[in-house]
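Working notes for the structure below.
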Amino acid sequence: MLNHSSKRIKLPLPPFTIITLFAALMIAGVAFVPLLSFQLEPSPDVNNITVSFSWQGASAELLEQEVTSKIEGVLSTVKGVKNIRSVSSNGYGFVQTALDEGVNINQVRFEIAMLMRQVYAGFPGGVSYPMVSANQPSRNGTKSILSYVINGPGSASAIQQLAEKSIKPKLVQIKGVYEINIYGAPPLGWELSYDPHELERCHVSINDIRSCIGNYFREYELGKAYDVPLTRPSRSSYSYLTLKTNGSRQIDLAKIPVKKIGNRNIYLSDLVKMSYKEQDAYSYYRINGFNTVNIEIVADKNTNYLTLSKTIKEQIQNIQQHLPPQHAIMLAYDATDYLQKELNKITWRTVATLIILLLFVLLVSKQIRYLLLITISLISNLLLSCILYYFFKLKLHLFSLAGITVSMGMIIDNSIVVIEHIRYRKNMRVLLAVAGATLCTIGAVCIVFFLDKEQQMKLIDFACIMIINLGVSLLIALLFIPALMNWLPLKVHALSKQIRRKKRVVHWNRFYLRLITFCSRFRILLVPVIILLFGIPVFMLPEKIESDSRWANTYNATIGSEFYNKSLRSWVDKGLGGTLRLFLTDAEQFSYDDIPLERTCLKVTIHMPKGANLEQMNDLVVEWESYLSGFNEVAQYQSRVYNGQYADIEILFKKQFEESSFPITLKNQLETKAAFTGLAEFNITGVGIGFNNELHTETTNYGLELNGYNYDRLRELAEQVKTLLKANPRVEKISITSTEDQKGERSNYEYVFRVHSQDKLLLHYLSPHMISNALTTLSGEKRRISDVLYHGNYVPVILSPVNKTADIWEVMNGAVRSDSGTYVRLKEFADMEKEKEGDQILRENKQYQLVVNYNFIGDLNLGEIVSERIIKQVSADLPLGYSLKETKHNFWRGAKKKLTWAILLTIGIVFVICSVLLNDCKQPLAIIAMIPISFIGVFLSAYFFRYKFDEGGYAGMIMLCGVVVNAALFILNDYNNLLRDYPAVPRRRLYIKAYNSKIVPVMLSITSMTLGLTPFIVYSKDETFWYPLAMTVTGGLLFSVIAILIFLPLFLKRTCKK
């Protein structure tokens, strides 16, 4: 027979009031769920403003001196800017500013736009107007979420104009849309064809034509005037004054005067042939190889992609109704399909986890009320947490959702412990232990905030969600569960069942007491065994120490001796290394690749050498599109041709073939095609091992970063570091770049025209400016010189020579006219050489940056010793304001050190929390000893199951530091309470009693958490983050059972005594 528990728990508020309050908060939580931000991947939460610009033909050094430095100077005066980073490359550059928290980004953007308007007047001719953009998405965020195709009668240009005027303005108003790109129709513009010989005959240069058109449409800023209306003097304001050189709205390019020779005015129509026609495309974007008008929609970061996609689709339907007849908008690509699929997958796994946990609770308790208590507490916990997610602006993506799933097991653990304690003890003395266990887990997770920014990006939301969920679970355990138990009292088993249960407990206690007694006799033996099973890191000792100190000589004569390294090291490492050696010495296990989270696809990246034009690259891409059209298994392929040097093709598969062998089969066929395609280099990734036939890259695995305020001096120091590295025979492929370069620097080459006789220039009355004009004429390339307003749209003005591009022989042997009227050949005083293209210039907070990249052949530990020695040697002579440090190429460079320090810091946090809660410094040591024992399970699972130990494993180990101590903390809390209540009873007997009262909820907690991770182990084997996280936590939890049963009483010395 079952009886209801009659004793009620005293609470600070009436149970009905507490239940009503939590019910109201749960309803509010339901309302906040649609307001949360759902994304595919985490994005950096930084407010930034980017100023981008270009200067065709300018070198990185010239661009940095004339443009970048000036923009940096004015941006440094803006209030709220905390960081300025600039990159100057050949022909283009950008300056990115990071803003302080709480700064109004729209106000700062407006201020920067006004400053750019002022500073632009001081830029050299040819520099584009700086473009200011706010919160520019990252590399992963710039991918379009939706693409549409527009069909209709008429030309592609007419359809694109319709899209620009009728569709784009309505879509850009939607909150969350970052930009909208429209492709497909070649731009219309004025093309001015000229004969270089005719220009030469009229003594007119290309710069004269450019200047006359620019001056004809130029506007001059005269400042601002104080405007006071006569009728309303109180409404005075400032007005900007602009001088327009062309006041007429009618444009007639033919009548623009260029030059005056004698009494004759030479107009533009006398020198060029003008035609308004379609221009060459600047880039190409096609879906399935069709040249249609496409609309690409890019989402802003920190946006709910699912909600945004739904809003855009609704707006497109409204636009469709107002389009002219026979025009249609069709969806061509939807990136949110994969996000929805992954969200459904995680939802299914989470629901499966929840069902498993609830069935487990029902199976153990055999009471519907018990199950109802757990379900209500779990749902209330998640809904209350959603409110905090919104106010703390947390983003829900595929990594942070793991925090919700994993925390569900811990939430149920806390609920089970509190319910069991109230059910049998009828008091709230367990709350101290529950608070301590929860704070230990929160303290362990807080270690994420001490990691590098690169490591934090994916784990920060995971950690915040874990902290919020566990913090809310503490509140629910303190108030809500006791109130619910007063409202829904659990049934207590009848006396007969209690007697049978106690008999089983007595039999188990006798066995467990004998086990503790037996183990205590061999305590001196068991402790060293478990230490050796964990491992002593002697295998991490270097083979030799490069130093002349006394300690180094002693080390080299013993552990660093040839006899030890050849005869003893392997045996000692295996004998003392334990499972730690198996875990750390597997280099492939720690290899980390930043795999994007997207549906199965192949990405073909194509590079062509400098000098190739857009049409040549497009012809190659069209050939590949034709090849892909023959595969029915391919659902879609998107082609983007950016310029003559770079293009990519993204291949998506039909759903029924995504998980089949076809993607890898197609990849192999594409590799074969790439191998037989000349004039281009290919990089094919997505499934399997990446293919790369690039010949102009040099892979490196180490880098030394130099920072300083003078670029030329910094370059000299980089050359000095390079010289020191060359002296080491293990170092190869040394290069100096502006950034770290692990995957290999692409070596672009260009022809450099170098004058070797300045005297001959003066002799023939030649100037560098004249030579530059001659080379421009001989190049034969079209040049965009201006943009003019024509029929309501800004259209480009293109200068196009009628002659073909000259080759190198014609350039060097062609006749160039000098100021004296004579003709000379360029080869008489200059030569042309093929040289490596100059590197970009990077500067952050007015400090230049250079990185010496190199490849070290040999052991990674020895490589770190070499880099540290170089840093120490060079840093001793560095001038004030200069620094040298080692770069970190990826997440796991130095992973052993990072992981070790993170775990030690976590253990320190747990020790402090346990010492405060237990009011003792010895018992926390016994609790902390559970952590390394549970790590043995992590090491063994990682070694035998051979999974990649990425951020999921990293997060799992940090989380284990807090989770595995919970069981020991619960038992010791009861043990200490019994010591105070029954000081005369033997300690071992009190420990057994405390063990009996808490081992059931402890085992239920461990079992529930392990079962909760089962769906992710079974169905996520090939996925990053999820599988390592589940395997790490599961392996650690299973081994923690051995730690609790056997080693916890052994580490409590007084408990082992009779």
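Here my numbering is used: the first residue of the sequence shown is 5, the next is one more, and so on. Positions of the beta carbon are idealized from the N, C-alpha and C atoms, including for glycine.
Counting along the chain, Trp59 sits inside no alpha helix (DSSP H), nor does DSSP assign it H or E at all. Taking every protein chain shown into account, the CB of Ile668 has fewer than 16 other CB atoms within 10 angstroms, so this residue is exposed. Restricting attention to beta strand (DSSP E) runs no shorter than 3 residues, the stretch 871–948 encloses them at 887–890, ordered along the chain.
Excluding five sequence positions before and after Phe1029, the CB atoms of its chain that fall closer than 7 Å to its own CB belong to Phe403, Ala406, Asp954, Glu955 and Gly956, given in chain order. Here the C-alpha atom of Tyr271 lies approximately 16 Å from the C-alpha atom of Trp194.
Under the three-pair Cβ rule at 8 Å, the stretch 264–282 counts as touching the stretch 194–207.
Between Lys345 and Ser41, the C-beta gap is not smaller than 7 Å, which leaves the two residues out of contact. Relative to Ile874, the option among Lys889, Ile861, Phe661 and Leu884 whose CA is nearest is Lys889. In this structure, DSSP gives Gln853 an extended state, which the three-state scheme calls strand. Positions of the beta strand (DSSP E) runs, each at least 3 residues long and wholly inside the stretch 71–159, are given as 85–92, 96–103, 135–138 and 150–155 in order along the chain.
Every unbroken stretch of the alpha helix (DSSP H) spanning 4 or more residues and falling wholly within the stretch 360–430 is given here in chain order: 372–395 and 404–429.
DSSP places Ala28 in the uninterrupted alpha helix (DSSP H) bounded by Pro19 to Phe36.
Here the C-alpha atom of Leu793 lies approximately 9 Å from the C-alpha atom of Phe221. Under DSSP, the beta-bridge partners assigned to Tyr198 are Val276 and Pro805. Excluding its 5 nearest sequence neighbours in each direction, Met621 has C-beta neighbours in its own chain below 6 Å: Met612, Val645, Gly648 and Ala651, listed in chain order. Counting along the chain, Pro261 sits inside no alpha helix (DSSP H); it lies in the beta strand (DSSP E) bounded by residues Pro261 to Ile265. Looking only at Asn569, Gly966 and Ile738, the smallest Cα-Cα distance to Lys726 is reached by Ile738.
Straight-line spacing of the CA atoms in Tyr187 and Lys174 works out to 18 Å. Just so you know, the alpha carbons of Ile75 and Val123 end up roughly 7 Å apart. By the C-beta density criterion, Thr521 is exposed, having fewer than 16 other C-beta atoms within 10 angstroms. As computed with DSSP, Ile668 is found in no beta bridge at all. Counted as a single uninterrupted DSSP element, the stretch harbouring Ser571 is not any alpha helix (DSSP H), since DSSP gives it neither H nor E.
Asn298: member of the beta strand (DSSP E) spanning Val297 to Ala303, first to last residue.
Per DSSP, Val625 is one residue of the alpha helix (DSSP H) stretching across Leu618 to Leu632. A straight line joining the alpha-carbon of Arg829 with that of Lys263 spans about 28 Å. For Phe686, the enclosing beta strand (DSSP E) starts and ends at Glu685 to Thr689. Out of Leu767, Ala437 and Lys997, the CA that lies nearest to the CA of Val920 is found in Ala437. Only buried fits Ala1047, as 16 or more other CB atoms lie within 10 angstroms of its CB. Under the 10 Å beta carbon count, Phe1043 is surrounded by 16 or more other beta carbons and is classified as buried. For the pair Tyr979 and Pro1032, the CB atoms are not nearer than the 7 Å cut-off. Ile480 and Asn473 have their C-alpha atoms spaced approximately 10 Å apart. Per the DSSP secondary-structure output, Cys605 pairs in a beta bridge with Leu656. Counting C-beta pairs closer than 8 Å gives fewer than three between the stretch 201–216 and the stretch 325–341, which falls short of the contact rule. Check the Cα spacing between Ser887 and each of Tyr713, Leu39 and Pro486: the tightest is with Tyr713. With a 10 Å radius around the Cβ and a threshold of 16 neighbouring Cβ atoms, Ile31 comes out exposed.
Secondary structure at Arg433: coil, using DSSP grouped into helix, strand and coil.
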